[in-house]
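A short write-up of the structure that comes next.
Protein chains: 2
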Amino acid sequence: MDSLIKKICAGDVRLASRLIRDIEDKIPEAKAKIKKLYAHTGKSFIVGITGAPGAGKSTLTDALITALRKKNKTIGVLAVDPTSPFTGGAILGDRIRMQKHAEDEGVFVRSLATRGALGGLSQAAGDAIHVMEAMGKDIIIVETVGIGQQEIDIINHAHSVVVVLVPGMGDEIQTMKAGLMEIADVFVVNKANRPGANQLQTELSSMLNLASRNGAGWQPPIVMVGDAFEPAAFAEKTAELAQKIEEHHRYLIESGKLTERMHRKALAEINDALSFCLLEPVIAELTATGKMEHFAEKIKSRQADPYSVAEEIAKTFFIKQDKK
Amino acid sequence: MDSLIKKICAGDVRLASRLIRDIEDKIPEAKAKIKKLYAHTGKSFIVGITGAPGAGKSTLTDALITALRKKNKTIGVLAVDPTSPFTGGAILGDRIRMQKHAEDEGVFVRSLATRGALGGLSQAAGDAIHVMEAMGKDIIIVETVGIGQQEIDIINHAHSVVVVLVPGMGDEIQTMKAGLMEIADVFVVNKANRPGANQLQTELSSMLNLASRNGAGWQPPIVMVGDAFEPAAFAEKTAELAQKIEEHHRYLIESGKLTERMHRKALAEINDALSFCLLEPVIAELTATGKMEHFAEKIKSRQADPYSVAEEIAKTFFIKQDKK
């Protein structure tokens, strides 16, 4: 075990990859390893990138890797986006780009499948981030889709959040903006050569002005990124994005807000771990003993309702019933 | 309480709406009401409609309401899709369409916000469905976005699942198809006037043929629905969709598979209720006593890892530690 921890902390790609796969597959031993690794975490800067499917997050992440590598940062990328080419839905071009980075020892890219019960994905994402932290990556990019509570739970594992929007996505994006507005530290208007980009920028600006706290604190910048098929301009803009992310990192450190973010992250980790340690063993025991099937039958036939069943179960597992 | 139950079972829209809002807001009394209502549930047919944002699910749901109303079915609609116009991101046209149904006593449309901790959305969706069941709705349509585990958890509350695809969404949809393929009972190729619709149909057909179990059982049909701006053809096609949903219902009854689906639904309900009865009280107590903050500090400073903390918490709450 100690040798495994030492090797992962030295950046062993094979062992780190296997551990992340074990986390994904819910191999029980993985948990003990994460516990041991935990003391070696907490030094990376974790950046969440979120946005609707088709917003071009992966192409952007890819360019961001290039820009950050030029600043000699080591990078971990965790893709938990079911629509991301990193997670397997790749067209050929994306795979080729990934391979380019695969040959770079300073870049470690892994994906997480989106299957898993009861908050399991957020927990797995948190654990996979810990592995990359232990490997000593300077910056860890977590790519997720900005739809659904579970994805926002995953974003709680990040210190800084980049929200990617695309002009012309219509009123759907309006709805999403409402939720994303609150969590965004940096905005990207991607595919900014499309019609409506300036309008989207203006809308975002006025929303940000409305939301700003008397001009104090961090003002989320809006980076306008054009078409990836114009490589020079695209590289320039993604370098600007890398710059803004670094500026936000510096702001968090200098303002003391990084500590707040780390606290938020710690709370997210406790929540995930509680689900794992409280809920999963109960479900496992009920399933193994066949009681789960018995309860399902009772509910199906309306002899009992799910809450009464759950309360009955809680009584057999809990000490502190009298306290409530 | 008994009078409230009686009124909701008689279809009281105001009381049902208030109860659904209380569920969404996690008002503790709502749980007791759901427990009482539960005996009056289990008779509705619950149809999940899922697909990527922008797939046109809401327009389709709207047309489906019209088609099912012509067959004298009473309808409940629960929109848990953050991108759905039903949930608040409406453009004017959608609001007007909704209003049309709002005047129809046989239609009850409600939305659920997507905020909520730890599987809370799936639980809230399950409870809101119970309210509509108790109201005596023949068919309950649950509209959700087919991305993210939590949305798939919600689909587990349905007896029949309609998956909506759109041609030209590129390789992203490919990835999603993999997961959606297994849960779909009826496919819709929406906006089928667009280029690539026939190719998508062919691809789906061959995937379905590959997956079919020797020709036995239910073969998911593919309904090609054209542009909503050609009202006659659109109405015809959505009537066909309504027909296919009814055929699937009949198939489930005659094959005995409805019982299996109801069992699956009961399991989903137990899981949600366990999260509510086991996890939430623990988190509430830890938060109220300030222990949560204390643990977050320990984790943040790397004095402890989240799993060790959660295990420590589990020990103080659980009876059955020795059993594991």
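As given, the protein sequences belong to chains W and P, one line each in that order. For what it's worth, my numbering labels the leading residue of the first sequence as -9, then goes sequentially. For what it's worth, my numbering labels the leading residue of the second sequence as -9, then goes sequentially. Note that the Cβ used here is the ideal one computed from N, Cα and C, for glycine as well.
Judged by DSSP secondary structure, Met125 of chain P falls outside any alpha helix (DSSP H); it is assigned neither H nor E. Annotation for Phe307 of chain W: the continuous alpha helix (DSSP H) segment containing it runs Pro296 to Phe307.
By the neighbour-count criterion, in which a residue is buried when 16 or more other Cβ atoms sit within 10 angstroms of its Cβ, His120 of chain P is buried.
His284 of chain W sits exposed, since fewer than 16 C-beta atoms from the chains shown fall within 10 Å of its C-beta. At a Cβ-Cβ threshold of 7 Å, Val213 of chain W and Val156 of chain W do not count as neighbours. Under the 7 Å criterion on CB atoms, Leu9 of chain P is classed as non-interfacial with respect to chain W. Annotated three-state conformation of Phe98 of chain P is strand, per DSSP. By the Cβ-count criterion, Ala274 of chain P is exposed, with fewer than 16 other Cβ atoms from all chains shown falling within 10 Å of its own Cβ. Assignment of beta-bridge partners to Phe266 of chain P by DSSP yields no partner.
Contact note: Phe35 of chain W does not reach chain P at a C-beta cutoff of 9 Å; the least C-beta distance is about 15 Å. Contact between the region 258 to 272 of chain P and the region 260 to 275 of chain W is established, with three or more Cβ pairs separated by less than 8 Å. Counting other Cβ atoms within 10 Å of its Cβ, Arg240 of chain W stays below 16 and is therefore classed as exposed.
At least 7 Å separates the beta-carbon of Pro221 of chain P from that of Val176 of chain P. Between Asn183 of chain W and Asp217 of chain W, the C-beta spacing is below 7 Å. Nearest CB-CB separation between Ala278 of chain P and chain W: not below the 7 Å threshold.
Nearest neighbour of Glu237 of chain P by Cα position, chosen from P:Ala294, P:Gly126, P:Gly207 and P:Lys26, turns out to be P:Gly207. Here the alpha carbon of Ala148 of chain P sits roughly 35 Å from the alpha carbon of Val152 of chain W.
The residue from W:Gly126, W:Ala263 and W:Arg11 with its alpha-carbon nearest to that of Lys25 of chain W is W:Ala263.
For Leu200 of chain W, the number of other beta carbons within 10 angstroms of its own is below 16, and it is reported as exposed. Spanning the alpha carbons of Leu54 of chain W and Lys281 of chain P requires a straight line of approximately 39 Å. Segment contact: the region 250 to 257 of chain P against the region 283 to 298 of chain W, three or more CB-CB distances shorter than 8 Å; contact assigned. Within the same chain, Cβ atoms closer than 7 Å to the Cβ of Leu58 of chain P are found at Ile65, Ile129 and Ala232, the five residues on either side in sequence being excluded.
Put simply, the backbone Cα of Thr279 of chain W is about 40 Å away from that of Lys(-3) of chain P. From the beta-carbon of Ala29 of chain P, the residues of chain W found nearer than 8 Å are Arg292 and Asp295. Between Ile13 of chain P and Ala115 of chain P, the C-beta gap is not smaller than 7 Å, which leaves the two residues out of contact.
In the DSSP assignment, Gly38 of chain P is bridged to P:Val132 and P:Val151. Interface residue (Cβ-Cβ distance to chain P less than 7 Å): Cys267 of chain W is classified as such. The beta carbon of Phe307 of chain W sits closer than 8 Å to those of Val272, all from its chain and outside the five residues before and after it, given in chain order. Under the three-state reduction of DSSP, Ala6 of chain P is assigned to helix. For Val178 of chain P, the beta-bridge partners assigned by DSSP are P:Val154 and P:Val213. Assignment of Gly44 of chain P by DSSP, reduced to helix, strand and coil, places it in the coil class. Ile65 of chain P carries a strand assignment under DSSP once its states are collapsed to helix, strand and coil.
A check of alpha carbon separations from Thr134 of chain W across W:Leu5, W:Ile145, W:Lys16 and W:Lys33 identifies W:Ile145 as the nearest. Gly32 of chain P belongs to the set of residues whose beta carbon lies under 7 Å from a beta carbon in chain W. Annotated three-state conformation of Glu14 of chain W is helix, per DSSP.
Look at Met282 of chain P here: in three-state DSSP terms it is helix.
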